[in-house]
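Working notes, beginning with the structure itself.
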Amino acid sequence: MIQWPGPLGLGPDGKRSSQHAMDSLAFSNTDGLFLRTLSMSGEEEENAAELKIGDDFLKAKCLMNCEVSLILEHKYEQLQQMADDPMNQVSQVFEKSLQYVKRFSRYKNPDSVRQAREILSRYQLAEFELCVLGNLCPETVEEAIAMVPSIKSRGRALEDEAIEKMLNDLSLIKKFE
1 MIQWPGPLGL GPDGKRSSQH AMDSLAFSNT DGLFLRTLSM SGEEEENAAE LKIGDDFLKA
61 KCLMNCEVSL ILEHKYEQLQ QMADDPMNQV SQVFEKSLQY VKRFSRYKNP DSVRQAREIL
121 SRYQLAEFEL CVLGNLCPET VEEAIAMVPS IKSRGRALED EAIEKMLNDL SLIKKFE
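The numbering of the sequence shown is the UniProt record's numbering, which starts it at 1 and goes up by one.
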């Protein structure tokens, strides 16, 4: 199936849609699985499932929620110590961000956070992959592959046994935390 955007972002039904406003061609096989997207200039677009996320993002240092939580907690403590100065008051956005990362952090203990990153780093994962797995903590190989398809689709695809070991090591950290 080849999809071509309608004029002015109009879909086949004649209604305006941001999906049809794209300036690209999408190729799908009969199962409806995404194979490739090309922009009108012929350049391949980004696709996280294949770890095609752009050079800037591939080189960026990503942090898991638990790492962000530790950083924000430390900053929060510093701000509380300087609470007398009105310029150092904690903003509502800061507090909400801290609440969010605390709520969704899989590891609370700083040693556990460090161990989780070390375990994930052993498998030569991209930063993006490492953080997704560290944040979501899949329990099965199938879940891990569904969440991060690039761990199987890249040239250095991990074997199921290696993924299973990685997940078991992560669950041990969580268990003994």
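Using N, Cα and C, we set each Cβ at its ideal position, and we do this for glycine too.
Residue i classed as buried or exposed, judged by whether at least 16 other C-beta atoms fall within 10 angstroms
| i | result |
| --- | --- |
| Met-64 | buried |
| Ser-69 | buried |
| Met-87 | exposed |
| Leu-167 | buried |
| Ala-116 | buried |
| Asn-109 | exposed |
| Val-101 | buried |
| Asp-160 | exposed |
Coarse secondary structure for residue i, derived from DSSP in three states
| i | result |
| --- | --- |
| Asp-160 | helix |
| Lys-61 | coil |
Cβ separation of residue i and residue j, assumed to be a contact under 8 Å, to the nearest whole Å
| i | j | result |
| --- | --- | --- |
| Ser-153 | Glu-46 | That pair is no contact at about 15 Å. |
| Leu-72 | Ser-97 | 6 Å |
Is there contact here, the region 134-151 with the region 74-84, by at least three beta-carbon pairs under 8 Å? no
Do three or more CB pairs link the region 126-141 to the region 45-59 at distances below 8 Å? yes
Would you mind listing the beta strand (DSSP E) stretches within the region 86-118 that are 3+ residues and don't spill past its ends, in chain order? none
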